[in-house]
Amino acid sequence: MKKKYILSFNQDSVNKPVTYDLIKNFDIKINIIKANISADEAGHLLVEMEADQENMEKCFQYLDENRVEYVPAENRIIFDQEKCVDCGSCTAVCFAEALTLDPETRELQFHPEKCVFCKLCTKACPLGLFEIRFNE
Amino acid sequence: MPQKTIDEINAKIKSGKSVVLTAEEVSKMGREKSAQEIASQVDVVTTATFGPMCSSGIFMNFGHADPPIRMQEVTLNNVEAYAGLAAVDVYLGATQTDPDNPKYGGAHVIQELIEGKSVHLKAKSTGTDCYPGTSVDTQITKDSINELYMYNPRNAYQNYPVATNTTNRHIYTYMGSLLPNLNNATYSTSGELSPLLNDPEMETIGIGTKIFLGGTTGFVSWQGTQFHTTKPKNEFGIPLENAATLALIGNLKDMSSEFIQAAYFEQYGVSIFIGLGIPIPILNEDIAKAVMIRNEQIETTICDYGTTGHPAIGRTNYKELQTGSIKIDGKKVRTAPMSSIPKARKIAASLKEWIEEGEFTLSEPVQAFPKGTSLKSLNSQGDK
Ligand code: SF4
Ligand code: SF4
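If you're matching them up, the sequences are chains Z and V in order.
At position 38 of the first sequence the residue is numbered 38 (the numbering used here), and the sequence of numbers has no breaks.
At position 259 of the second sequence the residue is numbered 395 (the numbering used here), and the sequence of numbers has no breaks.
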């Protein structure tokens, strides 16, 4: 299985070599997409993790033990699609192609699994339909 | 050459026998049939667009209070309306903003009124002998006031340039978010569905033309502001930049927020999406030819919005734009629209249905638009 997560570190866990441990101990294929450490030294990582079920479970157990919070990245995306008028403005800035227009219907297609949390759509949508939370 | 009159078409509409196609359907049909065949087989073609149109607003008459007031300073949900008219008449512009919330403005008030919501009206006056009242602080809805009609000085632009940005700064414009270094380009108009691109010489559209506006019947009241009919045209008669425009009027009380939508463009301000549709009677072969226009034949100019004066840096067409990328200086540039094709399709289809069912007949323009117009510019510093 392959999925994006946002990992949140507190002041203690931020200094641990977490990604190294995950790769070495549980054979997780990990791709770091975005990283941020804020002034209070809490840290956030957007990662894509790929592993078999068993290793994935061990990985989550390790994260729990080390007080690293993890949430599926999609849970941090709020898109009020009901109100969308299919103007397409947001597709101008979404280079991850999470937002595209169907070539036939010209309706907006949203693929949250492709989102890289650049947040450009939050300002590009004239109806303000996106809320994308990475480190807040 | 087959010739029809509007009266003949209306007789067919009333008997439920009219043949109506949307502008997309007729463009497709034009691949197999000649203009002559289309002119004899089709009565009406419906065109439509749904895009942000800043030059929009509403006139309202609130009715008189007791004691009566000659309103001088008026706000609706803290958005200022222009009160320099008779006592209780105002005009609220779509882009006027709430000083305490730059993302909220006239467009939002307009949408809330359409949706039947209650809006906070505040008015002040110095008081006169005949209008002694000095303040009003109350709630209104579309049903509690007298007239409430939309009057948009400039809608339905005939073509519009593509906006891009060659500079190294990310800029925010009324054409959306333009990334640095030619990383994207945005375009407006609904291409082959767009009203004034289907009748570029405005032979059937003029003052008094009955249209679809915001979900109800509206009218063309005048040529729009910045009406320009002498822009360079391509071999298909399409102006290559923003050219003609329309001033539109319609009853806001009958509109639907499905076709009127408030918007906020980052670092630019409030605007409003307007949905409108215009029926084109197919009176002869020339008009048939005009409505057969296809996206690949509708060209437009690419302009650099990052540079003062928005210089032209290329040319493209709507078929290319709708593929999602165009080439500028050999570079592949992502494209995105600003106006909604699904909404425009819905409007063209609704108008088609109204006509087919005999509910909507066509009107002959009362007066044609002026020809040979161009624009003056403003000397911002005056004569020194
Ligand atoms: S934040 Fe928005 S623009 Fe950026 S990748 Fe995600 S969906 Fe696309
Ligand atoms: S910019 Fe907003 S309204 Fe327009 S298509 Fe994207 S999500 Fe929908």
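Glycine is no exception: its CB is placed at the ideal position from the N, C-alpha and C atoms.
Residue i: CB within 7 Å of a non-hydrogen atom of ligand 1
i: residue 99/Z; result: yes
i: residue 73/Z; result: no
i: residue 96/Z; result: yes
i: residue 132/Z; result: yes
i: residue 272/V; result: no
i: residue 93/Z; result: yes
i: residue 115/Z; result: yes
i: residue 439/V; result: no
i: residue 266/V; result: no
Nearest neighbour of residue i, chosen from the options [CA to CA]
i: residue 173/V; options: 186/V, 345/V, 425/V and 338/V; result: 425/V
i: residue 189/V; options: 132/Z, 133/Z and 126/Z; result: 126/Z
i: residue 387/V; options: 140/V, 504/V, 354/V and 445/V; result: 354/V
i: residue 245/V; options: 286/V, 267/V and 222/V; result: 286/V
i: residue 181/V; options: 372/V, 415/V and 393/V; result: 415/V
i: residue 238/V; options: 512/V, 496/V, 401/V and 492/V; result: 401/V
i: residue 81/Z; options: 109/Z, 66/Z, 102/Z and 74/Z; result: 109/Z
i: residue 179/V; options: 199/V, 143/V and 306/V; result: 143/V
i: residue 490/V; options: 305/V, 254/V, 169/V and 347/V; result: 347/V
i: residue 202/Z; options: 32/Z, 24/Z and 12/Z; result: There is simply no residue 202/Z to check, as chain Z begins at 1 and stops at 136 in what is shown.
i: residue 103/Z; options: 456/V, 467/V and 503/V; result: 456/V
i: residue 410/V; options: 266/V, 304/V and 230/V; result: 230/V
i: residue 446/V; options: 501/V, 380/V and 311/V; result: 311/V
i: residue 291/V; options: 482/V, 384/V, 505/V and 155/V; result: 384/V
Rounded Cβ spacing between residue i and residue j (contact assumed at less than 8 Å)
i: residue 261/V; j: residue 205/V; result: 5 Å
i: residue 160/V; j: residue 329/V; result: 6 Å
i: residue 258/V; j: residue 279/V; result: Not really, about 20 Å apart at Cβ, beyond 8 Å.
i: residue 115/Z; j: residue 96/Z; result: 6 Å
Residue i versus residue j: straight-line alpha-carbon distance, rounded
i: residue 517/V; j: residue 438/V; result: 30 Å
i: residue 322/V; j: residue 149/V; result: 39 Å
i: residue 37/Z; j: residue 44/Z; result: 6 Å
i: residue 243/V; j: residue 227/V; result: 12 Å
i: residue 352/V; j: residue 106/Z; result: 24 Å
i: residue 232/V; j: residue 187/V; result: 18 Å
i: residue 460/V; j: residue 453/V; result: 12 Å
i: residue 408/V; j: residue 397/V; result: 6 Å
i: residue 211/Z; j: residue 83/Z; result: An answer regarding residue 211/Z cannot be provided, because it is not within the stretch 1 to 136 covered by chain Z.
i: residue 470/V; j: residue 336/V; result: 28 Å
i: residue 297/V; j: residue 373/V; result: 16 Å
i: residue 317/V; j: residue 29/Z; result: 34 Å
i: residue 90/Z; j: residue 139/V; result: 46 Å
i: residue 132/Z; j: residue 450/V; result: 36 Å
i: residue 376/V; j: residue 367/V; result: 7 Å
i: residue 61/Z; j: residue 100/Z; result: 36 Å
i: residue 214/V; j: residue 130/Z; result: 26 Å
i: residue 486/V; j: residue 422/V; result: 26 Å
i: residue 23/Z; j: residue 51/Z; result: 10 Å
i: residue 17/Z; j: residue 309/V; result: 44 Å
Residue i: CB within 7 Å of a non-hydrogen atom of ligand 2
i: residue 125/Z; result: yes
i: residue 102/Z; result: no
i: residue 118/Z; result: no
i: residue 85/Z; result: yes
i: residue 90/Z; result: yes
i: residue 45/Z; result: no
i: residue 129/Z; result: yes
i: residue 108/Z; result: yes
CB contact check: residue i to chain A, cutoff 8 Å
i: residue 118/Z; result: Absence of chain A from the displayed structure is noted, the protein chains being Z and V.
Kindly provide the ranges of any beta strand (DSSP E) runs that are 3 or more residues long and lie completely inside the stretch 188 to 243 of chain V, ordered along the chain. Those beta strand (DSSP E) runs which fall completely within the stretch 188 to 243 of chain V and span 3+ residues are 193 to 197, 209 to 212, 215 to 217, 225 to 229 and 237 to 241.
Which runs of the beta strand (DSSP E) at least 3 residues long sit entirely within the stretch 41 to 101 of chain Z? Give them in chain order. Counting whole runs of 3 or more residues, the stretch 41 to 101 of chain Z contains the beta strand (DSSP E) stretches 43 to 50, 69 to 72, 77 to 79 and 99 to 101.
Let me know the alpha helix (DSSP H) ranges lying completely inside the stretch 378 to 449 of chain V, each 4 residues or longer, listed in chain order. Whole alpha helix (DSSP H) segments, 4+ residues: 421 to 427.
Fully enclosed by the stretch 299 to 334 of chain V, which beta strand (DSSP E) runs are 3 residues long or longer? Segments of the beta strand (DSSP E) lying fully in the stretch 299 to 334 of chain V: 307 to 309, 312 to 314 and 320 to 323.
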